[in-house]
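These notes are about the structure you will find just below.
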Amino acid sequence: MLDPTDRTLKFHDRVFAVVRTVPAGSVTTYGDVGSVLGSPRLARQVGWALASLAPDLGATSDVPWHRVINARGSISHRGDIVRAEEQRQRLEAEGVLFDGNGTCDLQTHRWGFPDYKSL
DNA sequence: TTGTTGACTCCCG
DNA sequence: CCGGGAGCCAACA
82 MLDPTDRTLK
92 FHDRVFAVVR
102 TVPAGSVTTY
112 GDVGSVLGSP
122 RLARQVGWAL
132 ASLAPDLGAT
142 SDVPWHRVIN
152 ARGSISHRGD
162 IVRAEEQRQR
172 LEAEGVLFDG
182 NGTCDLQTHR
192 WGFPDYKSL
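Numbers 82 to 200, taken from my numbering, label the letters of the first sequence in order.
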């Protein structure tokens, strides 16, 4: 598997490597992924990396892009409501519950990246 | 090299 | 809770 600390890799490859470690039933935030990669300020770049994956919708990769949500516990859809619906559907199928406002309980489902806690 | 962009986040009303 | 503004930084034209 890819090493997210390998700076020779393209940024989005490192993002994917980290996201792949999130198990079903758990979620993570853009800021958390950025933190693992070096800085919580990389949140926007994490979003950019996932946007480049969107056209495939995971068809050609095993990246669980739907498990990445924003720091408020809600889904970012960049104007594409259809994709947001699919994301929520996938998460609920894995056991991640959303309230009526479209937000999930980060306290319960947020992934702590135990594999990279030393970073 | 410079300027723009944006699946973000934090802070203030 | 909702909206606006500032800061952030890799990719791209």
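Every residue, glycine too, gets a C-beta built ideally from N, C-alpha and C.
Q) Does the beta-carbon of Gly181 have 16 or more other beta-carbons within 10 angstroms, so that it is buried, or is it exposed? A) exposed
(Q) For Leu131, report the span of its alpha helix (DSSP H) as first-last. (A) Leu131 -> alpha helix (DSSP H) spans Ala124 to Leu134.
Q. Going along the chain, which residues of its own chain have a beta-carbon closer than 8 Å to the beta-carbon of Ala132, five neighbours each way excluded?
A. Arg159
**Q.** Beta-carbon separation (whole angstroms), Tyr111 vs Ala124, contact threshold 8 Å
**A.** 4 Å
Q | Beta-carbon proximity list for Pro136, same chain, < 8 Å, skipping 5 on both sides | A | none
**Q.** Paired residues, beta bridge with Thr184 - DSSP
**A.** According to DSSP, Thr184 shares a beta bridge with Ser155.
Q: Return yes when the Cβ of Val108 is within less than 8 Å of the Cβ of Ala130, no when it is not.
A: no
(Q) Let me confirm a value: Leu172 is counted as buried when at least 16 other C-beta atoms fall within 10 Å, else exposed. Which label applies? (A) buried
Q) Between which two residues does the alpha helix (DSSP H) carrying Ala165 extend? A) Per DSSP, Ala165 belongs to the alpha helix (DSSP H) from Ile162 to Ala174.
**Q.** Spatial neighbours of Asn151 in its chain, beta-carbon cut-off 7 Å, leaving aside the 5 residues before and after
**A.** Thr110, Tyr111 and Ser157
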